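Asker: Going by this note's numbering, the first residue of the sequence shown is number 719, and it counts up by one from there.
Idealized CB from N, CA, C, for every residue including glycine.
None of the values given here were measured: they were computed from a predicted structure.
Before I ask anything, here is the structure I am working with.
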Amino acid sequence: MGSAAAAVENLVVIGSGPAGYTAALYAARANLSPLLITGYQDGGIPGGQLMTTTHVENFPGFPDGILGPELMDRMKSQAVRWGTRLIEADAEALDLSQRPYKIQVDGQTVVAHSVILATGASANRLHIDGEDTYWSRGISACAICDGATPQFRKAELAVVGGGDSACEEAVYLTKYGSHVHLIVRKDSLRASRAMADRVLANPQITVHWNRQVGGFGGDQWLEQLQLPDSEGSACETLAVKGLFYAIGHTPNTRLVKGQLELDAKGYLVIEGGSPNTSKEGVFAAGDVADAQWRQAITAAASGCQAALAAERWLSHHDLAVTVSREEVEPKAAELPQPTTTATESDFSADALWQGGSYALRRLYHESPKPLLVTYTSPSCGPCHVFKPQLKRVLNELEGAAQGVEINLEDEPEIAAQAGVTGTPTVQLFYGKELKKQWRGVQQRSEVKQAIEALL
Ligand code: NDP
């Protein structure tokens, strides 16, 4: 590609789900050199909702299904292959009061002629008493990330919700729990027929119809749920070690509140059938403007439409500065590779990052450096996001610290010994002492500072 960074960007895409990456792919192939702000912690994780799902079986082109995080890795690689530039941070503020538009991100102001909003929607919480007490101590918003953790193995588990996510999670959790209870507030499931049938036919799942989650109990860890009926007149107690939320989503429109027209539920209002928002040069794609269809394929399609609309709008206003390609055919896409497990024969005392408990034992006892131990599971989308950031920190520290990755699926007993309750969990050791622990995706700077403080 020719020099990409223009003083005013042609197009900034905000959001990195199927909508964002597809918009970026189309814009990149139109030689617009789009800048994509992936998001990081605000409103979910980069890659969007597919990062917290297992097998996507309805995205055409993958006849046997594909893991959600893997599909997103592929979309990302494809967008990058054609010249999309990424900022892996949250867009902090967006000023649409005058053109060109301004976006605050990662300590800088990006100025852009056009913007595609593909910020998606975030998982809802129940917001009832006790939720904060038991959050990560039995309550989780992501069965796919946390299901494999030792506390949930062979335990009674519950999922609340009646949509496709709830059904998918209930079926997924039967791999780990002894029995799964699905708490549904009505007398029917909202999920698609195929998904609902799978739940109803599964002897390891009991559906509790017309029940709400009304309260929690337990000492240190969740042990029981109070389940009033839908009228609130009769209450059951259910003994479970885990409760997984799957109660729908709220659109991520915080950045544009007061600047663009939103509907009563907070979704972006678009001109019937088009990606046009209430401001010129600002387009919407994916779930942020779609309360109805909310599928990966419809989000991708709307990303394509938004990119084509942005391209037309830019050329109509004679604003596009296209880049020229040095190579007509870009290099093959690069995909992340899984970490190999070190054995006695290939363990390296100096490697920046390696996998497995053998490496963990050796480094824990022998390494004089700070040691980052990262617990992951193969289907955990947030792990896909956090791992490259941790590796970047170790690279930046030029070998002053080391990393080991433990796959919870392969070595659950190591995770149990370490008291790990979900993935990703990162523990920082120095001189055989646990100095710090993080659960879930964190800012890279936070981990780096904690290591630097030990050096
Ligand atoms: P949905 O909005 O479809 O479903 C949310 C569910 O949570 C509903 O059953 C709703 O009940 C229930 N609910 C909401 N609030 C509460 C509450 N406070 N207490 C108890 N229950 C509550 O969300 P999903 O995440 O399931 O799905 C979102 C979209 O993603 C859908 O379009 C779905 O088809 C799609 N999807 C597709 C998948 C696939 O095809 N593989 C997998 C997962 C999702 P009620 O029905 O009473 O409103």
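I need the straight-line Cα distance from Leu973 to Glu810, nearest angstrom please.
Answerer: If you take the alpha carbons of Leu973 and Glu810, they lie about 8 Å apart.
Asker: Please state the DSSP three-state secondary structure of Asn920.
Answerer: Asn920 falls in the coil class under three-state DSSP.
Asker: Are there 16 or more other CB atoms within 10 angstroms of the CB of Ile846, so buried, or fewer, so exposed?
Answerer: Counting Cβ neighbours within 10 Å, Ile846 comes out exposed, since fewer than 16 surround it.
Asker: Kindly provide the chain-ordered list of residues whose Cβ lies closer than 5 Å to any non-hydrogen atom of the ligand NDP.
Answerer: In chain order, the hits are Gly879, Gly880, Gly881, Asp882, Ser883, Glu886, Arg903, Lys904, Arg908, Ile965, Gly966, Arg1012.
Asker: Using 10 angstroms around the beta-carbon of Ser906, count the other beta-carbons present and answer buried if the total reaches 16, otherwise exposed.
Answerer: It is exposed - the Cβ of Ser906 has fewer than 16 other Cβ atoms within 10 Å.
Asker: For Ala1002, which of helix, strand or coil comes out of DSSP?
Answerer: DSSP places Ala1002 in strand when its eight states are reduced to three.
Asker: If I measure Cβ to Cβ from Asp981 and keep anything under 6 Å in the same chain, skipping five residues before and after, which residues do I get?
Answerer: Excluding positions up to five away in sequence, the list reads Val987.
Asker: Give, in chain order, every unbroken run of the alpha helix (DSSP H) that is at least 4 residues long and sits entirely within the segment 875-940.
Answerer: Here the runs fully enclosed are 882-891, 911-918.
Asker: Out of Glu1123, Gly950, Asp1128, Leu1108, which has the shortest C-alpha to C-alpha gap to Gln1167?
Answerer: Answer by Cα proximity: Leu1108.
Asker: Buried or exposed: which applies to Glu1164, given that a residue is buried once 16 or more other Cβ atoms fall within 10 Å of its Cβ?
Answerer: Under this definition Glu1164 is an exposed residue.
Asker: Between the C-alpha atoms of Lys1150 and Ala1067, what's the straight-line distance to the nearest angstrom?
Answerer: The alpha-carbon atoms of Lys1150 and Ala1067 are separated by roughly 16 Å.
Asker: Provide the residue span of the beta strand (DSSP E) that contains Phe780, from first to last.
Answerer: Neither: Phe780 is in no beta strand (DSSP E) and is coded neither H nor E.
Asker: Do Ile755 and Ile834 have their C-beta atoms closer together than 8 Å?
Answerer: No.
Asker: Return the first residue and the last residue of the alpha helix (DSSP H) that Leu743 is part of.
Answerer: From DSSP, the alpha helix (DSSP H) with Leu743 extends over 736-747.
Asker: Residue range of the beta strand (DSSP E) that Cys953 falls in?
Answerer: Where Cys953 is concerned, the enclosing beta strand (DSSP E) stretches over 953-957.
Asker: Any idea if Glu1029 is buried or exposed, counting beta-carbon neighbours within 10 angstroms, 16 or more meaning buried?
Answerer: By the 10 Å Cβ count, Glu1029 comes out buried.
Asker: Nearest CA to the CA of Ser1097: which residue from Gly738, Ala884, Ala866, Glu1052?
Answerer: Of the listed residues, the one whose Cα sits closest to Ser1097 is Ala866.
Asker: What number of angstroms, rounded off, separates the C-alpha of Ser948 from the C-alpha of Leu900?
Answerer: Looking at the two C-alpha atoms, the distance is approximately 15 Å.
Asker: If you run the structure through DSSP and keep just helix, strand and coil, what is Leu945?
Answerer: Correct three-state label for Leu945: strand.
Asker: Compute the distance between the beta-carbons of Tyr1093 and Pro1142, then report whether it is under 8 Å.
Answerer: It is a contact, given that the beta carbons lie within the stated cut-off.
Asker: Buried or exposed, going by whether 16 or more other CB atoms sit within 10 Å of the CB of Trp1156?
Answerer: When all chains shown are included, Trp1156 counts as buried.
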